[in-house]
Amino acid sequence: MNNFIFQNSTKAVFGKGCVKEYLACFTRKMCKTDTVMLAYGGGSIKSNGVYEDIMAALEKSGKTVVEFPGIMSNPTYAKVLEGAKLACENHAGLILGVGGGSVMDCCKAISLAAVYEGDIWSDFWARLGVIDFEPLPLCVVVTAAGTGSEMNGGAVITNEEVKLKTGRDYPQLNPKFALMDPTYTFSVPVRQMISGGFDTLSHIMETYFSEPDEPNVSDDIMEALMRSTIRDLRAAIKNPQDYTARSNLMWEAAMAENRIIKLGKKCDFECHQMEHQLGAYTNCNHGEGLAVLHPVYYRHICKAGAPKFARFATEVWGISAEGKSTIELAKAGVEALADFIKEMGLPATLRELGVDERIDLKVIAESCACVPGAYKAMTHEEILEIFKECL
Ligand code: NZQ
Ligand code: ZN
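Here the sequence shown stands for residues 84 to 474, where the numbers follow the working numbering.
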């Protein structure tokens with residue numbers, strides 16, 4: 084194991100009915116002014132009953148509510164600034180983000196921008212900054228599982244002006260508490276449920292396929308998490324109202340990104356770098372973009388990490404090692420992943436994402452960061468090859 088320091092400051096409250104039980108009390112405790120800013124997305128919370136639960140709890144808390152709706156998927160920096168302005172004008176003492184990764188990420192950036200005098204993009208996203216002050220407190224109610232944003236300080240923001248989609252993880256941006264009622268995810272469209280589930284799987288794989296490869300508890304936990312995510316996605320597709328499957332998917336998403344599995348690991352996340360830039364240029368769905376990229380990327384790095392990909396084949400997909408060389412087994416693992424992507428009905432090509440030759444893939448490839456944790460370091464030329472193979 085590599086050295087690490089571990090802390091996770093988010094209080095996770097999990098289970099059916101948790102919003103009704105805890106939100107009013109937590110709000111009273113966390114909000115130091117009279118006003119809570121309630122932030123949400125395009126309106127799903129108004130058609131599935133979540134909004135009523137939230138408003139009832141906030142009324143019980145005795146706080147005034149100012150609403151900040153319309154946070155879009157792949158949230159923009161402009162939306163962050165709009166939210167920060169509203170929070171300041173209304174002296175909000177707490178931001179309550181209700182939604183999936185996009186709402187949670189946008190709210191994290193708002194919690195910083197609302198108290199910072201400078202430009203948060205240039206000081207905290209364009210480069211890594213130091214947060215030596217208290218952001219506005221943030222609490223979240225998760226309505227879509229996948230990103231795991233609820234239990235980390237990560238916020239992925241798209242700056243449309245410079246065409247960059249950048250994620251930063253500042254522990255100070257961890258939500259103070261995260262309420263996770265799996266029944267709130269029942270209304271997520273199946274396509275988004277699968278995309279979120281694949282995002283979870285991707286987070287685990289991006290961590291698993293990195294050194295160290297000597298026996299370590301993080302890799303062991305990840306194998307169990309990957310098997311469970313695959314099992315629970317299959318069950319949730321059969322029956323989206325399956326509480327067992329949906330509650331597992333919700334906690335698997337949090338486990339994949341609450342930093343526990345990353346302990347002692349280098350982490351890869353090149354696939355995320357590529358997907359984020361595809362997103363910056365095309366606004367594609369995050370989990371679906373990852374589904375297109377992963378098998379192709381892994382065919383490129385499989386040889387360099389062959390023993391680990393072989394272990395993935397046997398431990399995650401149950402492929403027999405008998406009669407196979409390490410590289411044959413490794414390749415079988417990657418193809419099992421590609422088959423699973425097809426089985427889930429996820430897109431397998433960029434064309435299916437609406438990306439075609441009219442988009443300059445070279446420009447996108449050159450805008451991607453090449454990260455150091457992978458089995459094989461990428462170059463911009465190789466990223467372009469990957470994009471072309473994905474077409
Ligand atoms: O906006 P509304 O109307 O709420 O609809 C949303 C949206 O259309 C809908 N939805 C959410 N909960 C629902 C629901 N529809 C019905 N019933 C519900 N209960 O789902 C759609 C997608 O939501 P969104 O939040 O955009 O999806 P996701 O959770 O996949 O988040 C994606 C964003 O998170 C970033 C991605 O890059 C992307 O910007 N990520 C954040 C990470 C982090 N902070 O740690 C890590 C990830 O790797 C990822 O990069
Ligand atoms: Zn992701």
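Glycine included, C-beta positions come from ideal geometry on N, C-alpha and C.
- Non-local beta-carbon contacts of Asn299 in its own chain, meaning distances under 7 Å to residues more than five positions away in sequence, involve Met84, Gly347 in chain order.
- Only residues of its own chain outside the window of five on either side were considered, and among them Thr290, Ser293, Gly456 have a CB closer than 6 Å to the CB of Cys350, listed in chain order.
- Taken through DSSP and simplified to helix, strand or coil, Asp252 comes out as strand.
- In the three-state DSSP reduction, Thr226 falls in the coil class, being neither helix nor strand.
- Excluding the 5 residues flanking it on each side, Cys189 has same chain C-beta neighbours closer than 8 Å at Ala122, Ile154, Pro158, Lys162, Val163, Gly166, Gly180, Ala238, Ile240, in chain order.
- For Val273, the uninterrupted alpha helix (DSSP H) segment begins and ends at 273-291.
- For the pair Leu308 and Glu340, the CB atoms are not nearer than the 8 Å cut-off.
- Contact between the region 312-330 and the region 407-419 is absent: fewer than 3 CB-CB pairs across the two stretches fall below 8 Å.
- Where Lys191 is concerned, the enclosing alpha helix (DSSP H) starts and stops at 184-196.
- The Cβ atoms of Thr397 and Ala387 do not sit closer than 8 Å to each other.
- In this structure, the alpha-carbon of Ala363 lies about 9 Å from that of Thr249.
- Set against 7 Å, the gap from the CB of His377 to the closest heavy atom of the ligand ZN is not smaller.
- The C-beta distance from Ile410 to Ala389 rounds to 5 Å, short enough to meet the 8 Å contact threshold.
- In this structure, Tyr267 has its beta carbon less than 7 Å from a heavy atom of the ligand NZQ.
- Taking 8 Å as the cut-off, the Cβ atoms of Leu436 and Glu371 count as close.
- Spatial neighbours of Gln356 in its own chain (CB-CB distance under 7 Å, excluding positions within 5 residues in sequence) are listed in chain order as Cys451, Ala452, Val454.
- Judged by DSSP in its simplified three-state form, Tyr199 adopts coil rather than helix or strand.
- A buried status is given to Val438, since no fewer than 16 other beta-carbon atoms sit within 10 Å of its beta-carbon.
- Secondary structure at Leu179: strand, using DSSP grouped into helix, strand and coil.
- An exposed status is given to Arg111, since fewer than 16 other beta-carbon atoms sit within 10 Å of its beta-carbon.
- If the five residues before and after His463 are omitted, its C-beta is found closer than 6 Å to the C-beta atoms of Ala448, Glu449, all from its own chain and listed in chain order.
- Note on the region 371-435: whole alpha helix (DSSP H) runs with a minimum of 4 residues are 389-398, 409-426, in chain order.
- Contact holds between the region 262-276 and the region 120-134, because three or more Cβ pairs, one in each stretch, are under 8 Å apart.
- If you draw a straight line from the Cα of Ser301 to the Cα of Arg329, it is about 24 Å long.
- DSSP lists Gly250 as the bridge partner or partners of Val239.
- Inclusion of Glu243 and Val379 in the CB contact set at 8 Å is not warranted, their separation being larger than that value.
- With a cut-off of 7 Å, the C-beta of His383 is classified as distant from the ligand ZN, since no heavy atom of the ligand falls inside that distance.
- Judged by DSSP in its simplified three-state form, Glu217 adopts coil rather than helix or strand.
- For the set Arg434, Leu332, Phe395, Ile424, the Cα lying nearest the Cα of Cys367 is the one of Arg434.
- Phe470 is not bridged by DSSP to any residue.
- Here DSSP, grouped into helix, strand and coil, assigns Thr93 to coil.
- Across the structure, Glu465 and Leu361 are spaced so that their CA atoms are roughly 15 Å apart.
- A distance criterion of 7 Å places the beta-carbon of Asp188 in contact range of the ligand NZQ, judged by its closest non-hydrogen atom.
- In this structure, the straight-line span from the alpha carbon of Cys114 to that of Ile178 is close to 9 Å.
- Contact between Leu429 and Phe260 fails: their C-beta atoms lie close to 32 Å from each other, not under 8 Å.
- In the three-state scheme derived from DSSP, where H, G and I count as helix and E and B as strand, Ala460 is classed as coil.
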